[in-house]
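Here is the structure we will look at.
Number of protein chains: 2
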Amino acid sequence: MGKTNPPFMTGVPELLVLRLLSQREMYGYELVKSVRMVTSEAISLGEGVIYPVLHGLEKAGALTAKRKPVNGRTRVYYSVTPLGRERLERLSGEWDRVSAGVDSALGEAGHV
Amino acid sequence: MGKTNPPFMTGVPELLVLRLLSQREMYGYELVKSVRMVTSEAISLGEGVIYPVLHGLEKAGALTAKRKPVNGRTRVYYSVTPLGRERLERLSGEWDRVSAGVDSALGEAGHV
DNA sequence: TATACATACCTTGAATGATCAGGTATAGTG
DNA sequence: CACTATACCTGATCATTCAAGGTATGTATA
């Protein structure tokens, strides 16, 4: 059974989480579905990815958590701190640089 | 000491290697420098990344190796097989999908 | 009532990929 | 002769991600 698919990118989950939360506060389970929607199903992050990322970012001071009971169930809403926004800026810039790098490599090789 | 930087992307080294070799045959050491140049220093893959990728792709039948002695030193030139081109197509398409997904997520969150 | 599904949180174990840090050897330069 | 660049390679380590579970509540349905 343990047939783990190869991971396609590193650091991107964190970037996506930060970006989505910078729009509005959300809870974990919501983020799982949001990522799929926003990326048009191109990227699908399971709960096993989202929750650890959330906890890591909170511990790093990039997010704050707020527990809210809704319909009997408890939701943990996360929002981005100023420190989180800096981190978002940095990651976003890194992504731009790297993806531009790849694209230029693909482009140069393509126009044969 | 063992302070390994976080990897930023998975599968991208393989994609870049395949793409560069689809232009013209190259040897490992050359690829190390080429990747840096082509991506405008945005991506830098060490020999410890390139050589294992090369060997893996050769074993998978995506590349063929040809030893050439040049100036006394031996170079191993790699070229892409038809199977390797298929793999390149697939990886390239995956990259496009994923990077478009990330970009759209970043975009949507941006136009607040 | 039962049973099934969606919601909502979480963790653990294993697979994978990438990095660093080495190691070998030849050629050329000061 | 030492040093740097070229050119190949591997092993240990580490982080990231994934699949697969586990817990619990609410709601629909048969």
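Quick note, the sequences are listed as chains A and B, same order.
Reading the first sequence from the start, the letters are residues 581 to 692 in the working numbering.
Reading the second sequence from the start, the letters are residues 581 to 692 in the working numbering.
Cβ coordinates follow ideal geometry from the N, Cα and C atoms, glycine included.
Check                                                                                                                                       : Outcome
Give a yes or no on whether the minimum CB-CB distance between B/L625 and chain A is below 9 Å.                                             : no
Could you tell me which residues DSSP pairs with A/A645 in its beta bridges?                                                                : A/Y658
Quick one: grab the DSSP three-state call for A/R653.                                                                                       : strand
Could you round the C-beta distance between A/L671 and A/L598 to whole angstroms and report it? I think they count as a contact, below 8 Å. : 7 Å
Using the C-alpha atoms, what's the distance from A/K648 back to A/P662?                                                                    : 22 Å
For B/T644 and B/R655, I'd like the C-alpha separation in whole angstroms.                                                                  : 13 Å
Would B/L686 and A/L595 qualify as a contact pair, given that the criterion is a beta-carbon distance under 9 Å?                            : yes
Do A/V615 and A/A642 come within 9 Å of each other at the CB atom, strictly closer than that value?                                         : no
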